[in-house]
Amino acid sequence: MFEVSEDLTDRPISPETALIVPRRNGDLDATIKQHLVFMKDADTVEGPSTIRPDSIRPGGKKTLASYLCPKKFKDKSQLVSHRQTHTGEKPFVCDKCGKGFIQKEHLVTHYRTHTGEKPFVCDICGKEFSAKGNFDTHYKIHTGEKPFVCDNCGKEFTTKRNLGKHYRTQTGEKPFVCDICRKGFTQKEHFDRHYRTHTGEKPFVCNICGKGFSDRSSLNKHVPTHEGGKRFKCGVCGKTFSRNDSRNRHHKEKHQ
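Number 185 in full-length UniProt numbering belongs to position 185 of the sequence shown; there are no gaps in the numbering.
1) Give me the Cβ distance between Phe135 and Phe157, rounded to the nearest whole Å; I'm assuming they're in contact under 8 Å.
2) Round the Cβ separation of Thr204 and Asp215 to the nearest angstrom and send it over; I've been treating them as touching at under 8 Å.
3) Confirm, please, whether the CB-CB distance from Thr63 to Phe73 is below 8 Å.
4) Candidates His82, Ser81 and His114: which alpha carbon is nearest Gly210's?
5) Between the region 144-151 and the region 159-174, are three or more C-beta pairs nearer than 8 Å?
6) With three or more beta-carbon pairs closer than 8 Å as the criterion, would you say the region 193-200 touches the region 171-185?
7) Assuming the contact rule is C-beta atoms closer than 8 Å, His138 and Lys127 should be a hit. Round their C-beta distance to whole Å, please.
8) Check whether the Cβ atoms of Arg249 and Phe232 sit closer than 8 Å, and answer yes or no.
9) Does the beta-carbon of Ile141 have 16 or more other beta-carbons within 10 angstroms, so that it is buried, or is it exposed?
10) In chain order, which continuous runs of the alpha helix (DSSP H) of length 4 or greater are located wholly inside the region 74-143?
11) Could you check what DSSP says for Leu219 in three-state terms: helix, strand or coil?
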């Protein structure tokens with residue numbers, strides 16, 4: 001946030017100065033006071049340098065640090081987006097359902113749930129996706145790539161997110177906690193689905209009839225009802241069903 005003068009690098013920073021940190025979101029006054037006290041200490045404290053030489057790199061690429069947590073970022077846009085996760089600010093709002101987003105690209109991806117647009121197409125199997133992240137994950141199914149490895153058991157995963165989920169099954173950690181009923185969840189999507197039972201939100205909308213659903217799996221079950229469609233066929237007797245779970249239930253009840 002501030003440039004450190006080269007003539008200060010041979011003097012230590014007092015512990016009292018190091019403990020002065022902003023205590024409120026956006027407390028820029030505290031940050032400025034910290035800098036002023038640091039400048040004052042630099043004129044009065046003598047002794048050998050306590051600043052590592054490799055921490056000062058004139059002309060090198062700088063990192064931007066959040067004053068709300070220890071995270072650092074390479075550019076200002078990343079820092080601004082991260083800061084909004086602390087403040088709760090969601091400046092990009094869907095004009096169809098009113099849902100807000102921190103980043104514009106998240107709004108663009110969400111908007112496709114209303115339009116049905118799927119611009120990312122797999123050149124191997126032809127499957128289409130509305131979000132690039134989902135397309136990238138799918139593509140690894142064809143390539144067999146699993147770059148994320150658990151250092152406890154050696155199990156491999158196609159995405160970092162799935163590795164994180166796996167870790168929590170081992171630790172029992174439930175970092176996603178409902179602020180209404182205090183129930184904890186190991187996975188964010190389970191938390192999001194639960195939270196909608198409190199809010200009544202139904203963000204997954206059928207682009208044929210406009211009916212809304214609280215989770216994507218319910219929407220996926222609903223869509224075939226418009227396709228005239230009993231596309232799920234029993235492999236034993238040939239009976240067809242509009243939903244896969246109905247076919248599975250039929251098979252279990254009639255043929256097992």
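For glycine and all other residues, C-beta sits at the position ideal for the given N, C-alpha and C.
Quick look at the numbers:
1) Counting from 1 along the sequence shown, the entry for residue 135 is found at position 135. Counting from 1 along the sequence shown, the entry for residue 157 is found at position 157. Wrong, their Cβ atoms sit about 17 Å apart, outside the cutoff.
2) Mapped onto the sequence shown, residue 204 falls at position 204. Mapped onto the sequence shown, residue 215 falls at position 215. For the record, residue 204 in the displayed sequence is Phe; it is not Thr. Rounded, the Cβ-Cβ distance is 6 Å, consistent with contact.
3) Stepping through the sequence shown from its first residue, residue 73 is reached at position 73. Stepping through the sequence shown from its first residue, residue 63 is reached at position 63. Taking 8 Å as the Cβ cut-off, Phe73 and Thr63 qualify as a contacting pair.
4) Within the sequence shown, the letter at position 210 stands for residue 210. Ranking His82, Ser81 and His114 by Cα distance to Gly210 puts His114 first.
5) The region 144-151, when compared against the region 159-174, does touch it at the 8 Å Cβ threshold.
6) The count of Cβ pairs closer than 8 Å, one atom from the region 193-200 and one from the region 171-185, reaches three, so the stretches are in contact.
7) The sequence position of residue 138 within the sequence shown is 138, counting from 1. The sequence position of residue 127 within the sequence shown is 127, counting from 1. Confirmed, about 6 Å.
8) The sequence position of residue 249 within the sequence shown is 249, counting from 1. The sequence position of residue 232 within the sequence shown is 232, counting from 1. Not in contact: Arg249 and Phe232 (Cβ atoms no closer than 8 Å).
9) Walking along the sequence shown from the start, residue 141 turns up at place 141. Exposed is the call here.
10) Within the region 74-143, the complete alpha helix (DSSP H) runs of at least 4 residues are 76-87, 104-115 and 132-143.
11) Position 219 of the sequence shown, counted from the first residue, corresponds to residue 219. Residue state, collapsed to three classes: helix.
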